[in-house]
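Numbering (the UniProt record's numbering), first residue to last: 1 to 476.
These notes are about the structure you will find just below.
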């Protein structure tokens, strides 16, 4: 049970418990069991029986909760109670006093043994092959006629376990599929996503669920090569998405006083992931930034002349931008990387503090400068399609054209809040209240537009994907 729960927790999958989980069991660390065999071998009497056990018992549900805690998972959402298996004894209790009389005793505490076991499974994924069939709650129910399995191993929600039976619609027992079930065939796509707790990473997961694409979030830290290798060996992805990175809280000014931390993730981590992916012939979709350019004589504001993919970054005002430009240049040497330059991302979720519209609507004052921006509701699904097409290289990942801060706030006032007001100030005035300068530029999105002709200009995309849906929500 413990290895099964650990393997499921490693993948972020639900932990199925038969019945209500009140069954109690005795658990011994494997090294203590091995020592018991040794004691019996040297001190036991031929023909005698010795029980190897412990008087310390734990409920199955409590074990599951502790494993969730070790993996920083929420037991309330991760533990799923399923149909009880037949003849599931409430308790197994062994009196081990006869063994103890030979001089053996349990030496490893429950807490220490559980952590050691978890560490071993996390660090040694190569010691087993595909054991997915054994991770099902009822792996032997295949012999029951009339039951069809509906579990593909990818859903981590409450509906992850279900079945249909020709003679019963009341049961919620989980069963494995028959061997001729097409759903058991290896999926053509399997995404490994880094950045689970981030905005873009979370949205990618929702897109995968909507499109029915199997995916898992990476557990390893980007700068820890061994952890990335463990993720890839465990997940066996077809594509890797890197939406992890340090942008700073509450903004990029944080990076000015946390430079080593910024380098560790944005440079070392990204390069390590790209290198590991290359060793495994995996395409890495890397969400980067276009905030590495600023308007100049060759690309003046409101001229319609945008920076192209091959242009050299010219903005070094913030340490954050320096690290992103640095790693972008190095990633050009990796032919397995697709780098997407995101700018001032916007989504239809106007409550998200990372949303550019949410930010400027809460500022006391805003500068009025046109910029290229990324409407995530339109462009993130395109990034998934780019992975399917195995596109590589540098891409300006913005909607065509520019929109100014004032133009966005005018839309906000028109569609969301007619009473909204704001005040402008100059770049010089802004510089007095921020630590690092900000990037302002126009990106040339013609390469992306050529690949995806349906891509909307920035203002049209704002209305279609952000303001129109929210107008209905706010008016409703």
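Cβ coordinates follow ideal geometry from the N, Cα and C atoms, glycine included.
Here the structure is a predicted model, which means the values were calculated and not measured.
- For residue 421, the closest of 35, 209, 406 by C-alpha to C-alpha distance is 406.
- Between residue 287 and residue 230, the CB-CB gap reaches or exceeds 7 Å.
- In this structure residue 316 is exposed. Its beta-carbon is surrounded by fewer than 16 other beta-carbon atoms within 10 angstroms.
- Residue 373 carries a coil assignment under DSSP once its states are collapsed to helix, strand and coil.
- According to DSSP, residue 423 shares a beta bridge with 365.
- With respect to residue 200, residue 215 sits apart: the two C-beta atoms are not nearer than 7 Å.
- Put simply, of 35, 63, 27 the residue whose alpha carbon is nearest the alpha carbon of residue 16 is 63.
- By the criterion of at least three beta-carbon pairs nearer than 8 Å, the segment 337 to 350 is in contact with the segment 374 to 391.
- Residue 15: member of the beta strand (DSSP E) spanning 15 to 18, first to last residue.
- The closest CA to that of residue 465, considering only 108, 453, 415, is found on 415.
- In this structure, DSSP gives residue 295 a state outside helix and strand, which the three-state scheme calls coil.
- The DSSP-derived three-state label of residue 354 is coil.
- Nearest to residue 390 by C-alpha distance, out of 239, 233, 110, is 239.
- With respect to residue 371, residue 440 sits close: the two C-beta atoms are nearer than 7 Å.
- For the 7 Å CB-CB criterion, residue 292 and residue 332 do not form a contact.
- In the DSSP assignment, residue 284 falls outside any alpha helix (DSSP H) and within the unbroken beta strand (DSSP E) covering 283 to 289.
- Cβ neighbours of residue 117 within its own chain (closer than 8 Å, five residues either side excluded): 2, 3, 6, 29, 30.
- The beta-carbon distance between residue 400 and residue 457, rounded to whole angstroms, is 5 Å. This is short enough to meet the 8 Å contact definition.
- Short of 6 Å from the beta carbon of residue 449, and not among the five residues preceding or following it, lie these beta carbons of its own chain, in chain order: 400, 455.
- The beta carbon of residue 467 sits closer than 6 Å to those of 411, 415, all from its chain and outside the five residues before and after it, given in chain order.
- Around the CB of residue 355, 16 or more other CB atoms lie within 10 Å, so the residue is classed as buried.
- Per DSSP, reduced to three states, the secondary structure at residue 239 is strand.
- Beta-carbon to beta-carbon, residue 40 and residue 27 are separated by about 20 Å, too far to satisfy the 8 Å threshold.
- Here residue 92 is exposed: its Cβ has fewer than 16 other Cβ atoms, across all protein chains shown, within 10 Å.
- Looking at 53, 188, 256, 264, the one whose alpha-carbon comes closest to that of residue 221 is 264.
- 7 Å or more divides the Cβ of residue 235 from the Cβ of residue 266.
- Around the beta-carbon of residue 11, 16 or more other beta-carbon atoms lie within 10 Å, marking it buried.
- By the Cβ-count criterion, residue 226 is exposed, with fewer than 16 other Cβ atoms from all chains shown falling within 10 Å of its own Cβ.
- Looking at the DSSP output, residue 338 bridges to 285, 393.
- For residue 277, the CB contacts under 6 Å within the same chain, skipping 5 residues up- and downstream, are 240, 284, 336 in chain order.
- One alpha carbon belongs to residue 70, the other to residue 328, and they sit about 36 Å apart.
- Nearest to residue 318 by alpha-carbon distance, out of 97, 290, 395, is 290.
- Taking residue 369 as the centre and dropping the five residues before and after it, the same chain places the C-beta of 301, 404, 405, 427, 440 closer than 8 Å to its C-beta, in chain order.
- Ranked by Cα distance from residue 429, the first of 191, 366, 104 is 366.
- DSSP places residue 309 outside both helix and strand once states are collapsed to three, so it counts as coil.
- Rounded to whole angstroms, the gap between the alpha carbons of residue 262 and residue 202 is 21 Å.
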